[in-house]
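As they're listed, the protein sequences go chains C and V.
Heads up: the first sequence runs through residues 1 to 317, numbered per the working numbering.
Heads up: the second sequence runs through residues 318 to 439, numbered per the working numbering.
First up is the structure itself, then whatever we jot down about it.
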Amino acid sequence: MHDPTDSNDDPARPSRRGALECMVWAGTGLVWTLGGGLPRAMGLERALAAEASPMPFSFLQISDSHVGFNKPANPDALGTLREAVEKIRTLPQKPSFIIHTGDISHLSKDREFDDADQILRETGVPLFFVPGEHDLLDDEQGRAYLSRYGKGARGAGWYSFDQSGVHFIGLVNVVDLKAGGLGNLGAEQLDWLERDVAGLSTSTPVVVFAHIPLWTVYPEWGWGTQDGARALALLKRFGSVTVLNGHIHQIIQKVEGNVAFHTARSTAFPQPAPGSAPSPGPMKVPAGDLRRHLGIASVTLVHGNAPLAVIDSPLAG
Amino acid sequence: MAASFALMNPRIRLWLGAAVAAQMLASTHASGAMAAEAVTIRIDNFTFGPDLVTVAPGTAVTWINGDDIPHTVVSQTKQFRSKTLDTDDRYTFTFDAPGEYPYFCSLHPHMTGKVVVKPPAG
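Listed below in structure tokens is the structure:
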């Protein structure tokens, strides 16, 4: 997507072409801004009704499967993950890959990871993972996760890759958490991030994904990342940054400058809106309503004539 | 630190239990006080309750997780660390040495608490 002769490395003096490329991506923000910052979710029917037009590239975000969870808020988290995968299989536009933003398992048990892997594999597309705090509960605090999902990753499991001109960065902010604090990236990971993006043109669209929100959603419940602002500062020069997170089991979106933030639903159980309950514990809803609170997000990147679009699809309703 | 580690390996737990009991007897004998009563701290709604307890040396403190989400009990000064506590799981640590023992949940670090160990007045 970039032209090596396009000297667009100075964000203060973007070339016309660079600016146009950024605008395509900044359009994402416009969609959300027009929504007043409120969750903008389309029903699955609408997503399913979309014609399988030639879209160059789309991927899907799935989060917080919590396989093994069997408490009243959802006695069958494995079953709802299976339903989510069924939904994915019926989407008219097959995603290029799936990003799982953590809490694959509930208690990091081998059986839970096995079950999750078996079901997720049925999507038939490549999967990329970052861990949630529930994935690092084995005795060796993350060894089980890394041995399954950490191939080619660094440190506690962070990595980056490029697809269709977009730079994807998977970060880990659930390790070495400090008492009284929030999510944590740590100096080693931030140093790596700085080096990772050093050679990229500012017109490169960047998608960052991590489990806990990188921005402060609600510190009283630990919904934020202590040094998230440092990571975002390293990405400030880019024209389009999309941040995808999980952890809070509900859709919250906001746009700040060139950065669009989005958190996905869980496929296991909902959590209350910030401050609306005594604790962030699983929210029990009437059984018939559960699937309206669970879901997946599909992200479509259309170069040239349309903005990036995030469509959150509930499992039902 | 004289605080004993609550090891999870069952093969050595018995041995350790005996050692702790002996230690408690010894300290009871030395101070002439009654054996410290066990103390329970509940974990409900992502909160340690009570989040501050003051106990006599030799007190066994037990945490019980009442939430639908797992938690841990981890010393901020690396003196004790529970395994992951799922619903209704419990963890016990015996505090022998006077001092302050701040702790937190390593999964939800906004959850903090403190055990203060000091000999009873008088």
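Beta carbons are placed, not taken as given, at the ideal position from N, Cα and C, and that holds for glycine.
Since this is a predicted model, take the numbers as computed values, not measurements.
At a cut-off of 9 Å between C-beta atoms, Glu140(C) does not count as an interface residue with respect to chain V. For the pair Gln393(V) and Lys435(V), the Cα-to-Cα distance works out to about 19 Å. Residues of the same chain with a CB within less than 7 Å of the CB of Pro387(V), apart from the 5 flanking positions on each side, are Thr401, Leu402, Asp403, Leu424 in chain order. Under a criterion of Cβ atoms nearer than 7 Å, no residue of chain C is adjacent to Gln396(V); the nearest Cβ is some 13 Å distant. Judged by DSSP secondary structure, Leu177(C) falls outside any beta strand (DSSP E); it is assigned neither H nor E. By the neighbour-count criterion, in which 16 or more other beta carbons inside 10 Å mark a residue as buried, Thr101(C) falls on the buried side.
Non-local beta-carbon contacts of Arg82(C) in its own chain, meaning distances under 6 Å to residues more than five positions away in sequence, involve Ile119 in chain order.
Rounded to the nearest angstrom, the Cβ distance from Gly183(C) to Gly228(C) is 7 Å, consistent with a contact under 8 Å. The residue from Glu188(C), Asp196(C), Ser201(C), Ile212(C) with its alpha-carbon nearest to that of Gly181(C) is Ile212(C). Scanning its chain for C-beta atoms nearer than 7 Å, with the 5 sequence neighbours on each side dropped, one finds around Gly152(C) the residues Tyr159, in chain order. Using a Cβ distance threshold of 9 Å, Asn173(C) and Thr225(C) count as a contacting pair.
As DSSP reads the structure, Pro314(C) sits in a beta bridge with Gly295(C).
Using a Cβ-Cβ cut-off of 9 Å, His425(V) is close to Glu133, Leu177, Trp221, Gly222, Pro280 of chain C, given in chain order. In the pairwise beta carbon analysis, the stretch 261-270 of chain C is classified as not touching the stretch 137-155 of chain C: fewer than three pairs are separated by under 8 Å. As the crow flies, the alpha-carbon of Tyr145(C) is around 11 Å from that of Asp139(C).
Contact annotation for Leu294(C) against chain V: no contact, minimum CB-CB distance about 16 Å [criterion: below 8 Å]. Residues are counted here when their Cβ sits less than 7 Å from a Cβ of chain V; for the stretch 101-132 of chain C these are Leu107, given in chain order. The alpha helix (DSSP H) runs of length 4 or more contained entirely in the stretch 65-148 of chain C are, from start to end of the chain, 77-90, 110-121. Looking only at Val197(C), Arg291(C), Val259(C), the smallest Cα-Cα distance to Ala268(C) is reached by Arg291(C). With a contact defined as Cβ atoms closer than 8 Å, Phe209(C) and Val130(C) qualify at about 6 Å. Ala260(C) is bridged by DSSP to Thr242(C), Val255(C). Going by DSSP, Gln189(C) is part of the alpha helix (DSSP H) stretching over 187-198. Taking C-beta atoms as the reference points, Val217(C) and Val166(C) fail to come closer than 9 Å. Taking a Cβ-Cβ threshold of 8 Å, none of the residues of chain V is close to Gly239(C); the smallest such distance is about 34 Å. Counting only runs of 3 or more residues that sit fully inside the stretch 382-425 of chain V, the beta strand (DSSP E) segments are 407-412, 416-421, in chain order. Annotated three-state conformation of Trp158(C) is strand, per DSSP. For Asp368(V), the number of other beta carbons within 10 angstroms of its own is below 16, and it is reported as exposed. Proximity of Pro367(V) to chain C, defined by a Cβ-Cβ separation below 9 Å, is not satisfied. Measuring C-alpha to C-alpha distances from Gly157(C) to each of Asp115(C), Lys71(C), Gly186(C) identifies Gly186(C) as the nearest. Judged by beta-carbon spacing, Leu294(C) lies beyond the 9 Å limit of Pro274(C), meaning their Cβ atoms are not closer than that value.
Chain V places a beta carbon closer than 9 Å to that of Ala73(C), counting this residue as a contact.
Glu122(C) is the residue among Ser65(C), Glu122(C), Gly79(C) whose C-alpha sits nearest the C-alpha of Thr90(C). Burial state of Phe161(C) is exposed, judged by a 10 Å Cβ sphere holding fewer than 16 other Cβ atoms. In the DSSP secondary-structure assignment, Ser58(C) is bridged to Thr300(C). Taking the Cα positions, Leu234(C) is about 37 Å away from Gly68(C).
One Cα belongs to Val391(V), the other to Cys422(V), and the distance between them is close to 6 Å.
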